[in-house]
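Participant: Structure in structure tokens, see below.
Protein chains: 2
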Amino acid sequence: MHEPSFGGSEWLYLKECLDSTFVSSVGKFVDRFESELASFTGAGHAVAVVNGTAALHIALKLAGVRTDDEVLVPALTFVATANAVSYCGATPHLVDSEESTLGMDAARLRAHLVSQTEQRVGSCVNRATGRIIRAMVPMHTFGHPVDLDGLLAVAKDFNIAMVEDAAESLGSYYRGQHTGTFGLLGILSFNGNKTITTGGGGAILTNDPELARRAKHLTTTAKVPHRWEFVHDELGYNYRMPNINAALGCAQLEQLPGFLESKRTLFERYRDAFAPVPGVRMFAEREGCRSNYWLQTLLLDESIGGRRDELLAATNAAGYQTRPAWAPMHTLAPYSSCPQASLQVAESLQRRIINIPSSAVLAREPSP
Amino acid sequence: MHEPSFGGSEWLYLKECLDSTFVSSVGKFVDRFESELASFTGAGHAVAVVNGTAALHIALKLAGVRTDDEVLVPALTFVATANAVSYCGATPHLVDSEESTLGMDAARLRAHLVSQTEQRVGSCVNRATGRIIRAMVPMHTFGHPVDLDGLLAVAKDFNIAMVEDAAESLGSYYRGQHTGTFGLLGILSFNGNKTITTGGGGAILTNDPELARRAKHLTTTAKVPHRWEFVHDELGYNYRMPNINAALGCAQLEQLPGFLESKRTLFERYRDAFAPVPGVRMFAEREGCRSNYWLQTLLLDESIGGRRDELLAATNAAGYQTRPAWAPMHTLAPYSSCPQASLQVAESLQRRIINIPSSAVLAREPSP
Chain A
54 MHEPSFGGSE WLYLKECLDS TFVSSVGKFV DRFESELASF TGAGHAVAVV
104 NGTAALHIAL KLAGVRTDDE VLVPALTFVA TANAVSYCGA TPHLVDSEES
154 TLGMDAARLR AHLVSQTEQR VGSCVNRATG RIIRAMVPMH TFGHPVDLDG
204 LLAVAKDFNI AMVEDAAESL GSYYRGQHTG TFGLLGILSF NGNKTITTGG
254 GGAILTNDPE LARRAKHLTT TAKVPHRWEF VHDELGYNYR MPNINAALGC
304 AQLEQLPGFL ESKRTLFERY RDAFAPVPGV RMFAEREGCR SNYWLQTLLL
354 DESIGGRRDE LLAATNAAGY QTRPAWAPMH TLAPYSSCPQ ASLQVAESLQ
404 RRIINIPSSA VLAREPSP
Chain B
54 MHEPSFGGSE WLYLKECLDS TFVSSVGKFV DRFESELASF TGAGHAVAVV
104 NGTAALHIAL KLAGVRTDDE VLVPALTFVA TANAVSYCGA TPHLVDSEES
154 TLGMDAARLR AHLVSQTEQR VGSCVNRATG RIIRAMVPMH TFGHPVDLDG
204 LLAVAKDFNI AMVEDAAESL GSYYRGQHTG TFGLLGILSF NGNKTITTGG
254 GGAILTNDPE LARRAKHLTT TAKVPHRWEF VHDELGYNYR MPNINAALGC
304 AQLEQLPGFL ESKRTLFERY RDAFAPVPGV RMFAEREGCR SNYWLQTLLL
354 DESIGGRRDE LLAATNAAGY QTRPAWAPMH TLAPYSSCPQ ASLQVAESLQ
404 RRIINIPSSA VLAREPSP
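Just so you know, the protein sequences line up as chains A and B, in that order.
Everything in the first sequence is counted per this note's numbering, starting at 54 for the first residue and increasing by one.
Everything in the second sequence is counted per this note's numbering, starting at 54 for the first residue and increasing by one.
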């Protein structure tokens with residue numbers, strides 16, 4: 054589905070890391086990776102952590118999410134988006150997607166909030182549950198930016214903090230600005246199947262220096278700096294990215310522009326190849342957006358959506374790795390009783406999406 | 054304080070890992086590392102995870118720790134032991150250490166439980182708080198095994214599950230059996246300062262195949278195996294060790310016997326060197342125990358305990374990294390109001406412990 058490519062300085066940096074013996078929680082590659090991530094994305098600050106899930110957990114805590122809050126999450130997402138809400142003791146409140154972005158639908162969300170919530174002392178309260186809706190976590194599906202203008206307006210109008218789940222969208226832009234830098238905080242993932250990988254890894258992005266300082270503190274066991282004393286001034290987490298994984302990240306980041314170019318080329322080839330096929334189309338970036346085309350996405354027409362599993366079985370049997378979108382959150386046991394809006398678009402999309410082989414390296418093979 | 058040593062197959066295995074492109078959540082080194090850890094420790098099963106803190110979190114969940122429970126934790130430990138309890142929504146209940154092991158004192162714990170708890174429907178209840186004391190987490194301090202016979206008897210008599218925090222004691226044995234394999238579950242850490250390192254990493258040990266299966270499931274987002282579907286049947290965690298870190302672990306594990314021998318030699322040199330110095334002694338393994346001598350430990354007499362900080366300042370200023378034991382949990386803001394037993398031994402030890410440079414590589418230098 055998505056194979057990483059190690060054709061750059063990976064060896065050099067890993068060797069430098071081992072030779073220095075600083076493979077773990079001390080070492081220069083973590084600082085360098087954070088600085089280069091901030092520079093690439095244009096975020097004020099980046100804090101490298103063990104994975105995207107950990108990044109989301111801490112970003113939500115820093116956005117003020119507490120026990121018994123609710124957090125708006127797309128029903129159509131990887132389960133980590135909802136899990137991070139659970140780790141805060143809060144409850145995901147599932148909302149619908151839109152066909153043009155595959156992500157949270159701002160207009161439908163606004164209508165839902167108008168009908169289901171009220172403002173109390175500057176907070177948005179779900180009237181049915183009495184709980185505060187503290188944050189929203191739009192996710193840029195398969196690298197395609199959500200409708201940020203629309204969602205930022207909803208966030209502002211209803212007093213809801215935005216944490217952007219940009220796990221899939223490193224190298225994706227909305228009106229020329231990198232995804233993950235619009236909300237109060239954003240997060241990235243460098244899992245093995247992502248556009249660049251650190252083995253396992255993630256990052257928290259923010260433009261607020263105080264939130265960045267807090268993110269670093271909370272992800273490093275909340276230890277107060279001292280040459281030898283072990284004082285921790287609040288409940289912290291062991292979420293720091295090891296230096297050896299950051300070394301891999303630095304080498305991968307150098308190749309990101311090339312990876313993005315290859316993935317765009319691959320999209321164009323797929324688009325042209327599928328153009329004559331009735332009932333399917335390659336999902337393409339919207340106007341004003343630039344997608345990283347992380348996972349190449351075929352969208353089936355409603356009329357043939359019922360044949361999705363047949364196509365998945367045939368392609369996998371033939372040796373081509375294909376996959377559907379995730380099972381929507383409300384169909385999973387741990388989230389089946391969460392508060393939810395109407396989810397008809399998410400359900401429809403889930404029946405019709407097929408991701409097809411997306412590795413950057415595929416674009417380097419000659420066209421048939 | 055403790056520098057890792059990479060003189061084995063680290064480079065070979067990292068290269069193999071990168072060449073295979075399986076650096077992340079799929080790959081053979083994770084399976085191999087788990088199998089070799091089980092073999093080395095004699096545990097029935099080992100599950101590799103991102104770090105020792107994550108291992109403790111999941112081990113406590115599997116031991117049945119739930120919101121509003123209490124968990125017995127030594128006051129004198131690294132903060133992760135207490136933090137993992139907090140992640141479960143439970144409260145650490147702090148107990149005292151004994152001078153002869155630096156770990157939980159079984160006799161004092163038994164007396165505390167006799168006076169402060171009662172049995173209700175097969176559970177040990179703290180009378181003062183009304184909460185169930187679900188588990189105990191003895192920690193093998195600096196690699197020295199606790200009094201497992203005494204603590205296992207307390208656990209049995211009071212219906213309390215034992216989760217062993219063996220983060221520091223890979224290669225340490227109690228009556229010939231590896232630490233971390235006595236309790237219902239045990240955990241290891243492979244942080245950069247540990248006896249072997251994976252950059253960042255940890256493992257859950259257990260002899261119970263069903264607990265091992267549950268540990269693997271919970272640490273891999275509770276995903277139900279399927280060729281392409283994304284179904285998660287409970288709240289899971291993204292705690293899997295990346296394959297690239299496991300590759301490092303396999304190479305390190307091959308060198309563990311040599312590291313242990315070097316650390317023992319280093320202890321013997323320190324012991325002989327400090328023997329003539331009045332008021333200090335090197336902390337040595339107890340009869341029936343074999344320590345990995347992870348961190349070499351000087352114990353000051355009470356009479357000169359007041360000079361600890363002076364010694365720390367002088368040695369650090371002279372370029373020798375030394376450190377005290379951790380600030381006891383009840384002196385940290387997040388744990389200052391936890392239930393606690395009398396902690397006088399832990400407090401005394403904390404005033405008198407100094408850890409001195411402990412890297413295995415130091416033993417290879419010629420004696421003066």
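Ideal Cβ placement from N, Cα and C applies to all residues, glycine included.
Just so it is clear, the structure is predicted and the values come from calculations on it, not from any experiment.
Distance, Cα to Cα, T130(B) vs S150(B)?
Facilitator: Using only the alpha carbons, I get a separation of about 10 angstroms.
Participant: Hey, would you say T120(A) sits closer than 9 angstroms to G142(A), going by beta carbons?
Facilitator: Closer than 9 angstroms, so yes.
Participant: How close, in whole Å, do the beta carbons of G196(B) and L348(B) come, if the pair is a contact with beta carbons under 8 angstroms?
Facilitator: Right, their Cβ atoms sit about 7 angstroms apart.
Participant: Just verifying my parser: in three-state terms, what is the DSSP assignment at T318(B)?
Facilitator: The answer is helix: DSSP assigns T318(B) an H, G or I state.
Participant: For a contact defined as C-beta to C-beta under 8 angstroms, what are the partners of D84(A) on chain B?
Facilitator: The premise fails here: D84(A) is roughly 15 angstroms from chain B at the closest Cβ pair, so nothing lies under 8 angstroms.
Participant: Using C-beta distances below 6 angstroms, list every residue in its chain close to A99(A), excluding the 5 sequence neighbours before and after it, in chain order.
Facilitator: Excluding sequence neighbours, A99(A) sits near E87, L90, A91, A256 and L258.
Participant: In angstroms, rounded to a whole number, what distance separates the CA positions of E375(B) and Q230(B)?
Facilitator: Glu is not the amino acid found at residue 375(B); the sequence shown has Thr there. Cα to Cα, the separation comes out at about 31 angstroms.
Participant: Do you know whose CA, among G224(B), G183(B), P331(B) and A220(B), lies nearest S315(B)'s CA?
Facilitator: Of G224(B), G183(B), P331(B) and A220(B), the residue nearest in Cα terms is G224(B).
Participant: Express the C-alpha separation of L313(A) and S73(B) in angstroms, rounding to a whole number.
Facilitator: Going by the C-alpha atoms only, they are around 22 angstroms apart.
Participant: Could you name the residues that DSSP lists as bridge partners for P145(B)?
Facilitator: P145(B) is bridged to V124(B).
Participant: Report the three-state DSSP secondary structure of I407(A) (helix, strand or coil).
Facilitator: Strand at I407(A).
Participant: Give me the residue from A112(B), A96(B) and S153(B) with the minimum Cα distance to T134(B).
Facilitator: Of the candidates A112(B), A96(B) and S153(B), the one whose C-alpha sits nearest the C-alpha of T134(B) is A112(B).
Participant: Reducing DSSP to helix, strand and coil, say where V140(B) ends up.
Facilitator: According to the sequence provided, residue 140(B) is Tyr. The question's Val does not apply to it. Note: Y140(B) maps to helix in three-state DSSP.
Participant: Pull up the CB-CB distance for G253(A) and N246(A), whole angstroms please, since I reckon it's below 8 angstroms.
Facilitator: Contact flag wrong, Cβ pair sits at about 11 angstroms.
Participant: Leaving out five residues on either side along the sequence, give the residues of the same chain with a beta carbon under 6 angstroms from the beta carbon of Y227(A).
Facilitator: Around Y227(A): P198, L201 and C342.
Participant: Helix, strand or coil: which one does DSSP assign to T248(B)?
Facilitator: Coil, per DSSP.
Participant: Count the other C-beta atoms from every protein chain shown that fall within 10 angstroms of the C-beta of P421(B), then say buried if there are 16 or more, exposed otherwise.
Facilitator: Low per-residue confidence applies at P421(B): pLDDT is 48, beneath 50, and the placement is therefore not dependable, though the value from the model is reported in the following sentence. Its Cβ having fewer than 16 others within 10 Å, P421(B) is exposed.
Participant: With H, G and I counted as helix, E and B as strand and the rest as coil, what does DSSP make of M382(B)?
Facilitator: In the structure shown, M382(B) sits in a helix (DSSP, three-state: H, G or I).
Participant: Taking D158(B) as the reference, give the member of A268(B), I357(B) and G203(B) with the closest Cα.
Facilitator: Answer by Cα proximity: G203(B).
Participant: Is the beta carbon of A268(A) less than 9 angstroms from the beta carbon of P387(B)?
Facilitator: Contact flag unset, no.
Participant: Under 9 angstroms Cβ-Cβ, which residues of chain B neighbour F59(A)?
Facilitator: Correct list: L71, D72, T74 and V76.
Participant: Looking at the C-beta of M192(A), does it have a partner C-beta in chain D at a distance below 9 angstroms?
Facilitator: Of the chains in the structure shown, none is chain D; the protein chains are A and B.
Participant: Which residue's Cα is closest to the Cα of G95(B): A206(B), L238(B) and V79(B)?
Facilitator: Closest by alpha carbon: L238(B).
Participant: Can you check whether the C-beta of V103(A) is within less than 9 angstroms of a C-beta belonging to chain B?
Facilitator: Judged by the 9 angstroms Cβ criterion, V103(A) is in contact with chain B.
Participant: For a test of the three-state rule: what should DSSP assign to V190(A), helix, strand or coil?
Facilitator: Note: V190(A) maps to coil in three-state DSSP.
Participant: Beta carbons nearer than 9 angstroms to chain B: which residues of the segment 369-387 of chain A have them?
Facilitator: For the segment 369-387 of chain A, which is checked against every Cβ of chain B, the residues closer than 9 angstroms are N369, Q374, T375, R376, P377, A378, W379, A380, T384, L385, A386 and P387.
Participant: For G311(B), which three-state DSSP category applies?
Facilitator: Looking at G311(B) - three-state DSSP - the assignment turns out to be helix.
Participant: If you draw a straight line from the alpha carbon of R339(A) to that of T154(A), how long is it in whole angstroms?
Facilitator: For R339(A) and T154(A), the distance between alpha carbons rounds to 7 angstroms.
Participant: Measuring CB to CB, does L396(A) end up less than 9 angstroms from L147(A)?
Facilitator: Yes, the Cβ-Cβ distance between L396(A) and L147(A) is below 9 angstroms.
Participant: Would you say V100(B) lies against chain A (beta-carbon separation less than 9 angstroms)?
Facilitator: No, no contact with chain A.
Participant: Tell me, which residues are paired with C391(B) by DSSP?
Facilitator: Its beta-bridge partners do not exist; DSSP assigns none.
Participant: Going straight from the alpha carbon of L109(B) to that of R360(A), what length do you get?
Facilitator: For L109(B) and R360(A), the distance between alpha carbons rounds to 45 angstroms.
Participant: Rounded to whole angstroms, what is the Cα-Cα separation between I406(A) and E282(B)?
Facilitator: Roughly 12 angstroms separates the two Cα atoms.
Participant: Along the chain, where does the beta strand (DSSP E) containing A256(A) start, and where does it finish?
Facilitator: Run containing A256(A): G255 to T259, per the beta strand (DSSP E) assignment.
Participant: Could you tell me which whole alpha helix (DSSP H) segments of length 4 or greater appear in the segment 189-245 of chain A?
Facilitator: Counting only runs of 4 or more, we get 201-211.
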